[in-house]
């Protein structure tokens with residue numbers, strides 16, 4: 001792919017951002033692109049339900065929402081692949097088989113965000129005509145560039161003398177921490193010896209490469225539903241079983257779960273809702289909370305404590321509470337050997353003027369599911385940062401990437417994969 | 001009106017229940033009915049914005065909602081009156097002028113509830129074909145009967161030799177405590193010497209009359225909106241200003257406002273809502289709370305304390321909070337002299353087999369605005385209970401009235417009004 | 001007793017106020033007084049453990065405290081009776097048997113308060129030399145007058161031609177709601193046909209009598225002890241089980257127990273305590289809470305809800321909680337027939353210029369235990385108010401009584417008892 | 001000093017543990033020991049108010065407590081020095097001047113803990129007759145050994161050919177984080193070029209040396225006093241301004257202060273107290289809270305947020321709150337150069353079989369005040385760990401040290417100080 005091709009693909013994806021499990025157009029477009037560029041060179045191209053372990057999808061939206069996005073993709077004219085994705089089974093795994101050698105994986109995520117994109121004249125996508133056509137949705141975290149990098153690296157490896165197997169995991173639903181598990185539970189990850197994952201930006205400027213990113217916080221989302229009994233607030237307050245009082249007690253005490261000496265923890269009650277009318281003792285309430293930990297164990301500590309708080313708060317107000325895990329990801333660590341290769345390759349890559357050995361993400365990512373799966377099988381994994389000048393922060397309305405960095409990412413990844421093919425890990 | 005006419009009107013209204021400020025069909029139907037039955041006998045028939053002090057409407061729904069119900073009324077074919085009600089200016093005041101004598105008022109409320117009506121075969125409206133045609137709305141508190149009583153009494157007084165002026169206030173939006181103030185602030189109440197208000201049921205069986213109801217709890221609805229600052233829950237929890245923590249602190253402490261030695265108080269946080277996503281420190285939250293007091297002073301005590309709690313809870317979490325009063329009604333007392341007349345008349349009314357001197361409502365009602373307005377002008381007021389066998393409680397899906405009680409109500413009210421005309425108060 | 005005798009006795013008691021279960025001097029002095037005045041006329045004089053059901057004492061102070069007061073009484077020189085009271089078994093029941101007739105009881109309470117008495121020159125006890133000699137303790141509620149009335153009525157009945165049995169219950173520990181139960185569980189109350197109780201003051205001036213006081217709030221004291229696990233707050237906060245967090249959660253939610261539609265309720269967390277040092281996660285905490293209800297049922301409602309809150313708060317923070325009932329009293333009602341007799345007698349009593357049929361106490365009193373015991377046995381009971389000019393409120397440092405009202409109380413009670421003897425109830 | 005001398009001094013101090021600012025015997029004993037051993041060799045021996053900046057003492061106990069311990073020390077017969085310490089001005093600074101060269105400081109702390117010492121037969125101090133003679137107080141953190149090391153090193157340096165100035169800071173009140181500031185604000189620290197501090201144990205066994213300890217959490221103690229208004233809980237709950245409700249609201253929200261992305265924070269409400277009686281709305285309450293941070297900035301963040309919570313909680317319940325800082329210490333870091341010298345010396349010390357470059361304290365220590373004072377003046381500082389086999393954890397009833405490690409500490413410190421004298425830093 002020429003630099004123009006890369007820009008063109010990235011912008012096509014940018015114009016049609018699709019949030020988690022609704023990457024219908026995106027998946028179809030990637031599939032079409034791969035088929036036209038690589039055709040028979042691909043040993044396999046697993047699409048939708050064949051790419052993921054469907055039972056392990058987390059945080060899937062409701063049917064009405066899926067259908068609305070599905071129909072929108074159809075209107076964009078990508079029919080033939082689309083049917084295979086119906087019901088929110090998005091994503092793809094592309095496989096190149098190039099003889100004896102290690103199996104190397106590359107994971108890129110492809111979903112957009114529920115974020116309105118800026119139409120300010122100094123916002124490049126608006127100025128240059130590739131602003132989101134899906135109002136309220138936006139590629140505000142660079143996954144359009146990630147998908148493009150995935151396609152680009154595949155083509156470059158196909159053209160190289162890499163010996164071994166190379167797989168690209170086009171993962172859906174990263175933004176809701178919902179797709180990593182489904183991909184990690186699929187068979188495709190089983191034989192991977194070395195896994196690379198990549199993220200653009202993260203406050204690193206164009207020309208900077210982070211060889212190995214760590215500091216992934218393990219995360220779990222808790223959906224809790226309190227059920228009490230409504231009653232007339234004026235006439236019979238004593239007959240109510242007040243789900244909002246239970247909820248408020250829970251919120252107060254969730255934030256009060258003790259810090260842990262083993263490392264950083266996090267707790268947030270991100271969404272609350274309850275009751276029906278001013279004059280009715282509220283009989284129902286729900287919260288969506290999130291816990292994190294520097295390690296998976298710390299996340300579990302927060303989770304267990306949270307459940308205790310939620311249960312006791314319900315009990316206190318004679319309510320019941322039910323739980324559901326909305327999304328979840330473990331922590332993970334980049335392997336030093338792989339990071340050394342990346343650093344070495346990056347140091348010799350044109351356009352790269354600074355290489356950092358490591359950095360902390362300080363957030364959560366469900367690439368960790370795939371990293372852990374590979375590491376538990378005896379393989380190695382590494383999460384690579386590709387610097388890009390971004391005018392404003394990730395997840396903001398004026399986020400944008402420097403398209404030059406797409407090439408840097410492709411160069412560093414291709415070089416690393418070739419080196420692994422040549423030297424093993 | 002014959003008994004059949006009364007039943008027929010009540011059922012027509014029952015079929016088309018309309019919630020607060022959306023009584024388009026209901027008002028139009030009442031107006032049509034009055035014009036056809038009384039025509040030129042009416043000295044005045046004030047409709048919509050002429051019946052109420054428009055600036056004093058409380059708890060008015062948004063335009064989209066008003067429009068939806070307006071259009072629904074138009075489809076039901078009541079066009080000509082309808083235009084005068086556009087924008088949610090519902091209700092009517094009908095006036096009979098019958099020479100020198102006192103001005104007597106009768107207040108009846110006309111709105112329905114946001115309550116799904118039962119379709120069980122033993123629920124009379126369902127069995128007899130006059131169940132609500134507005135899914136999700138229902139006359140579950142007997143205001144269909146109240147409106148019918150209002151029309152019936154007007155016709156009876158028109159036929160009687162009552163001397164004086166008689167006004168019926170067909171009041172909208174009682175269920176949200178939103179219409180009483182607008183009617184009490186209109187000029188129509190100014191010259192009323194004696195005001196009667198009426199409610200059917202209230203756990204009294206058919207044949208029972210309560211001469212004077214008291215125990216109206218003063219009520220006020222507080223809409224509070226907390227505004228903080230969202231932040232990434234994993235990356236920068238310390239940068240958030242957490243509106244949900246503020247809200248939870250407020251809820252805990254609102255319910256903890258001390259009881260008052262002067263009488264009963266109530267507090268309820270009926271609706272809460274806040275936040276946007278699990279991984280975002282919630283930057284906004286809102287609550288709808290309700291306070292009540294056995295007296296207006298006690299309600300004010302609860303209101304002042306609530307505001308203090310809400311303000312300090314916001315301050316504690318570095319948020320701001322804004323308030324709006326959603327609806328409000330004072331407490332009031334039925335005057336003994338009027339109640340004596342009612343009791344006396346009721347004792348001589350066919351079908352009435354038991355007369356109670358007084359009873360407590362134990363809830364709130366915005367008829368109190370009109371009662372207080374009259375009393376402050378030196379007049380008297382009395383709130384009358386008309387027993388009716390109701391299979392299940394007010395505000396439930398299977399509430400229904402015994403239509404025989406409509407006649408009892410009309411008889412007692414007519415007799416009382418005639419007596420006032422004859423003897424003064 | 002002459003008026004001077006009454007004043008002299010009252011002042012002697014006033015000088016030596018003793019709080020609950022420590023009425024050693026007081027009991028001994030009453031016993032001595034009765035023996036010297038009535039001697040053989042008394043059929044029985046039950047003292048200390050013979051006057052009460054010892055196992056039912058509530059809110060008894062610790063041994064060290066009892067001993068300190070016991071020793072103080074000994075120093076005041078009342079040795080011979082004293083030994084019978086050792087261990088905090090105070091109080092007495094004096095019995096006159098005067099032939100066939102009803103058994104009438106009179107209950108007076110005798111304890112002082114832990115309140116420093118004023119030494120201001122315009123405070124009569126200070127000016128006239130009978131201010132409390134026990135620093136930090138004071139007769140600030142008139143029980144010195146009550147005890148004097150008890151002695152006075154006994155002497156008057158002994159001199160009268162009353163036919164029947166008359167018992168005076170000199171009850172200890174009213175101020176902590178701790179003595180009523182022990183006296184009500186004794187055999188002495190069993191045969192009482194009509195019980196009178198008396199209180200001076202209560203904001204009624206000298207010359208006013210309240211024939212029947214009602215509105216006793218039922219009350220219960222809850223001592224709750226939270227036990228968790230301390231831990232180093234810096235080194236291992238996650239290892240603590242935080243009893244203070246449990247306590248704070250409980251406090252917040254105790255005050256939030258819903259109001260009840262059946263009548264007034266009260267909740268207070270009067271004392272809290274917990275933890276050991278700033279840098280130790282607190283492993284223990286305790287609260288003393290009080291619940292009240294307009295009826296015994298309402299008090300029980302508050303008690304059950306409180307226990308649920310306390311249990312769940314402990315559970316939430318992985319602590320345990322244990323309960324103890326510190327003191328308790330039911331509600332009660334004065335019987336109308338008895339009150340009528342009192343009103344009638346009072347109306348004819350010199351010095352009484354106003355008789356109120358009834359009034360509400362609006363507080364708690366453990367005379368209710370004795371009232372209920374008599375009422376449950378088929379007898380009647382009445383709580384009488386004797387007005388007295390008191391310069392400041394009960395339980396304040398400058399409370400004092402108008403000694404003339406002691407005579408009014410004796411006159412009204414004597415007259416009532418004679419009437420009951422003559423006419424029955 | 002022979003090994004026997006060291007053991008003998010340590011045991012003498014162990015027998016008379018004295019908590020913060022009450023180290024009367026301890027200071028006097030150290031002074032006596034130094035005078036007898038070093039006499040004229042000491043250039044200066046600053047005692048009590050001459051050793052510290054008196055105005056900067058934190059967390060000083062009340063006079064009664066000071067006097068009790070002072071009298072106890074007098075009884076132990078250490079009169080002559082004692083008078084200089086009256087009022088809780090404890091501690092000493094001993095100075096050796098040995099010609100031109102750097103000024104080296106050594107800080108040792110000398111206070112005991114309010115902890116009952118075990119009398120179990122397998123607890124060495126109990127078995128060997130040097131268990132605490134002060135019931136309820138104990139050297140449960142090894143400061144008896146620290147003081148002994150201080151004396152031992154002074155004597156060794158006096159005997160060595162060290163060139164420069166050497167000062168030992170015998171610091172009081174470390175356990176309450178109260179003495180470090182007073183010593184750091186004195187003039188004695190101003191000219192120190194290199195400061196060493198030492199702690200025994202910390203879970204390191206005998207024979208292990210930690211060359212440089214870091215991870216000191218900055219700490220601050222907040223004493224907050226809520227003042228409201230008491231009221232009768234039954235009669236007039238609405239008149240109270242409830243300080244316990246304010247306190248409970250504060251506790252709930254203090255623990256809920258958000259975690260910070262820059263590093264570890266801590267919060268604890270270690271002591272609470274409030275109210276007077278079950279039936280009185282509590283008008284006063286107080287809390288002692290502690291905040292910590294991995295850096296001084298993080299501690300300040302916690303402190304600012306805590307004050308906001310406390311202020312708003314008071315405001316919410318119409319109370320006032322006043323603050324006092326009980327104790328405070330910054331964070332600090334051991335300098336690498338000094339640590340390298342320590343490691344090097346330790347590696348050549350007999351009895352030392354393992355040297356760790358660094359370790360984290362994970363707690364707070366007010367040696368940081370002195371370390372920062374030196375570092376801000378351009379000097380260097382290092383906190384050294386000396387392993388000792390301790391049967392149970394610090395601050396437990398059966399804590400004890402392996403007396404052999406006292407010698408290791410003296411050897412390593414002496415060697416390090418000589419090296420600094422010879423080579424500078």
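Protein chains in written order, with UniProt numbering: chain G, 1 to 425; chain C, 1 to 425; chain E, 1 to 425; chain H, 1 to 425. Where is the CB? At the ideal position from N, CA and C, for every residue including glycine. Just so you know, these numbers come straight off a predicted model, no measurement behind them.
* **Neighbourhood of residue 88 of chain C by C-beta distance below 8 Å, restricted to the same chain and skipping five residues each side** => 21, 22, 57, 60, 61 and 66
* Listing by chain order, which chain C residues have their CB less than 7 Å from the CB of residue 261 of chain E? -> 362
* What are the residues that DSSP puts in a beta bridge with residue 141 of chain C? -> Note: residue 141 of chain C sits in no beta bridge, so no partner.
* From H/240, H/114, H/334 and H/277, residue whose alpha carbon lies closest to that of residue 318 of chain H -> H/240
* Between residue 368 of chain E and the rest of its own chain, which residues show a CB-CB distance below 8 Å, the 5 nearest in sequence each way excluded? -> 180, 216, 218, 329, 330, 331 and 332
* To do: Tell me, please, whether the CB atom of residue 124 of chain G is closer than 8 Å to any CB atom in chain H?
  => no
* Between residue 289 of chain E and residue 243 of chain E, which are expected to be in contact by the criterion C-beta below 8 Å, what is the C-beta distance as a whole number of angstroms? -> Between residue 243 of chain E and residue 289 of chain E the Cβ distance is about 16 Å, and since that is not below 8 Å, they are no contact.
* Which residue or residues does DSSP assign as beta-bridge partners of residue 96 of chain E? -> E/166
* To do: List the endpoints of the continuous alpha helix (DSSP H) containing residue 345 of chain E.
  => 336-347
* State whether the region 118-136 of chain C contacts the region 397-405 of chain C, with contact taken as three or more CB pairs (one from each stretch) at a distance under 8 Å. => yes
* Asked: Does residue 252 of chain C get closer than 8 Å to chain E when you measure Cβ to Cβ?
  -> yes
* **C-beta contact flag for residue 341 of chain H and residue 149 of chain H at 8 Å** => no
* To do: Identify the continuous beta strand (DSSP E) that holds residue 196 of chain H and give its terminal residues.
  => 194-200
* Asked: For chain G, is any of its Cβ atoms less than 8 Å away from the one on residue 20 of chain H?
  -> no
* Asked: Got a sec, what are the start and stop residues for the beta strand (DSSP E) residue 29 of chain G sits in?
  -> Not the beta strand (DSSP E): residue 29 of chain G falls in the alpha helix (DSSP H), residues 24-38.
* Min CB distance residue 249 of chain C to chain H below 8 Å -> yes
* Would you check if the distance between the CB atom of residue 102 of chain E and the CB atom of residue 142 of chain E is smaller than 8 Å? => no
* **Minimum C-alpha distance to residue 130 of chain H - residue among H/169, H/327, H/8 and H/235** => H/8
* Are residue 268 of chain E and residue 278 of chain H close, meaning C-beta to C-beta below 8 Å? -> yes
* residue 352 of chain E to residue 111 of chain E span [Cα, whole Å] -> 27 Å
* Cutoff 8 Å: residue 274 of chain E Cβ touching any chain H Cβ -> yes
* Asked: What number of angstroms, rounded off, separates the C-alpha of residue 270 of chain H from the C-alpha of residue 361 of chain G?
  -> 35 Å
* **Where the alpha helix (DSSP H) containing residue 79 of chain G begins and where it ends** => 79-82
* Asked: Residues in its own chain within less than 7 Å of residue 118 of chain G by CB, not counting five upstream and five downstream?
  -> 126, 397 and 398
* Asked: Looking only at its own chain, which residues have a Cβ that is under 7 Å from the Cβ of residue 260 of chain C, when we skip the five neighbours before and after it?
  -> 298 and 301
* Test: residue 240 of chain H CB closer than 8 Å to a CB of chain C -> yes
* At which residues does the alpha helix (DSSP H) containing residue 421 of chain E begin and terminate? -> 404-423
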